[in-house]
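See structure below.
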Amino acid sequence: MRQRVVRVAVTAVLVALVLLAIPLGLAIKSYFFAHQREALERDALAGAVRVSPDFTTGDPVELPTPAAGEHLGLYDAGPRLKTGAGPQSGDRAVQQALAAAAVRSQTGSDLVIAVPVSHNEQVIGVVRASAPAGAVWNRVLAGWGALLGVALLALAVAILVARHQARVLAAPLEDLSRQCRAVTDGDLTARARPSPINEIDQVARTHNDMLQSLSELLQHEKNFTANASHQLRTPLTGLQLTLETALAQDDSRLRPAVEEALASTRHLHQTVEDVLRLTRTVRQPAAATAGEPVGRILDDLASRWHGLFADDGRRLECAAPEATAQALIPGRAVTQILDILLDNARLHGRGTVEVTVRDFEDALAFDVSDEGTLDIAPAELFTRGHTTGPGEGIGLSLAQDLAGALDGRLSLASHAPTRFTLLVPLGLPGDDSRRPAAGSRP
């Protein structure tokens, strides 16, 4: 921006200087030439006054001393030079002056003024004054040089003023840009400073007000999440302790139900912890989280969802190749995403639901498919609050956020039949610690 402001200012000054300098330069030239002609005419008139009628009979004439560089001569009607300096035979200007009219002309490289000398209404002679035009041009060039110097001085001053103004204009905008970058980097306390320029100061105030409202909104969201998690964690912990106490009792009839309820509460407790972790500003990368084998995740998934699908008269099939069953992945987050996809398939899909795993060397793809049809744009599908049936439209959006926290990706792979694909990276490139050795079995 600074360079642009300086460029605009310098361009404006250059245009103004050109528009002023050209007519001023022509005026300087006209002034010096007119001044020289006037000086010659005064000298010629002064000489004509001193000429007596008897100069034709040999009476001497004393002409005034001309200025340096000028020539003054007296010619008779011949026209021949009688006294002074000039060509021996009168030139065209002298011949024209014999017609009783003063003549201004330029002969060769000289400026010439010829003034007639009259007696009894007859022209008896001509006073000729001349000066070299080169001397006048020297003064014109000196004037033009002075004009150029003034123009360069004005241009230099304009550049200095433009650079100062550019700094004044750009400084608050640069400060606002730094504050925006700080906010982008996560510093919500950054605020733009006031500016002496009203328009920029208004933008800074609007930016600060917007950031303040955004900070308050985010703080409310964090507080709500923390409060909800705290309020859920306490009764879940109490329920978990009660179930563990009941499990310690020697009652074979209640033991399976208590074990299942205890597993569900532990899973619900972990879900609350995972959702709370997702709301934090700093997220733990997938490569640094504790890994669980793919086979164990699928077995746990099948045990928890098989009964729900069976109650609806539908089948759930979970399968993974032997080569990937022992691959380690962030189990908690992946389980949360698969739970959301299975719940979505149970509510909105139909027929058999399949969970399969594909190996892509540095990543695993989890496919969750059913026999239903989904006719909706993927962008709307993952928009929070958008749903095609029962529900709040939060699950798929949350699943996509969880996948992003894993450096993975969740997408709709097929509309008919419906198939979602979760891509989960296997640690850092070149890191084989999360992949089982060849020939290992689940």
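For this note's numbering, count along the sequence shown from 1 and bump the result up by 1406. Here a beta-carbon is modelled for each residue, glycine too, at the ideal position from N, C-alpha and C. Fair warning: this is a prediction, and the values are worked out from it, not measured in the lab.
Under the three-state DSSP convention, the category Q1528 falls into: strand
Three-way DSSP call (helix, strand, coil) for V1830 in this model: strand
Residue nearest to G1737 in terms of C-alpha spacing, selected from L1722, F1772 and T1758: F1772
Through-space distance from A1708 to A1716, alpha-carbon basis: Looking at the two C-alpha atoms, the distance is approximately 11 angstroms.
For I1519 and L1426, believed in contact at Cβ under 8 angstroms, the rounded distance: The pair is not a contact, with the Cβ atoms about 33 angstroms apart (cut-off 8 angstroms).
Three-state secondary structure assigned by DSSP to T1758: coil
Minimum length 4: unbroken alpha helix (DSSP H) runs contained in the stretch 1801 to 1829: 1801 to 1811
Three-state class that DSSP yields for E1698 in the structure shown: If DSSP states are grouped into helix, strand and coil, E1698 belongs with the strands.
Sequence-distant residues of the same chain with beta carbon closer than 6 angstroms to V1761, five excluded per side: C1724 and V1774
Local conformation of S1515 per DSSP, three classes: coil
Nearest-angstrom Cβ-Cβ length linking G1475 and A1537, presumed shorter than 8 angstroms: 6 angstroms
Exposure of Q1742, with buried meaning 16 or more beta-carbon neighbours within 10 Å: Answer is buried; the Cβ neighbour count reaches 16.
T1730 (DSSP reduced to helix, strand or coil): coil
Cβ pair count under 8 angstroms reaching 3, the stretch 1571 to 1580 against the stretch 1552 to 1562: no
Through-space distance from A1440 to F1461, alpha-carbon basis: 31 angstroms
Buried or exposed by the 16-neighbour rule on C-beta atoms within 10 Å, applied to S1619: By the neighbour-count definition (other C-beta atoms within 10 Å, threshold 16), S1619 is an exposed residue.
Coarse secondary structure for P1522, derived from DSSP in three states: strand
C-beta contact flag for I1735 and E1698 at 8 angstroms: The Cβ-Cβ distance between I1735 and E1698 falls below 8 angstroms.
Pair within 8 angstroms by beta-carbon distance, G1801 and D1776: The Cβ-Cβ distance between G1801 and D1776 does not fall below 8 angstroms.
8 angstroms Cβ cutoff met for T1489 and L1469: yes
Top-ranked residue by Cα proximity to L1748, from T1827, A1557, V1414 and L1430: T1827
CA nearest to the CA of K1435, picked from D1449, H1754, A1499 and V1546: V1546
From A1809, P1831, A1452 and A1610, residue whose alpha carbon lies closest to that of E1767: Relative to the Cα of E1767, the nearest Cα in the group A1809, P1831, A1452 and A1610 belongs to P1831.
Per-residue burial, Q1528 [other beta carbons within 10 Å of its own, 16 or more giving buried]: exposed
DSSP-derived helix/strand/coil call for T1489: strand
Assigned secondary structure, F1715 (DSSP; H/G/I helix, E/B strand, else coil): helix
R1534 in three-state terms, based on DSSP: strand
Where I1603 sits in the DSSP three-state scheme: coil
Extent of the continuous beta strand (DSSP E) run through G1479: G1479 -> beta strand (DSSP E) spans H1477 to D1482.
Span separating the alpha-carbon of L1770 from that of T1590: Between the alpha carbons of L1770 and T1590 lies a distance of about 32 angstroms.
Continuous beta strand (DSSP E) stretch holding S1775: start and end: Its beta strand (DSSP E) spans residues A1769 to S1775.
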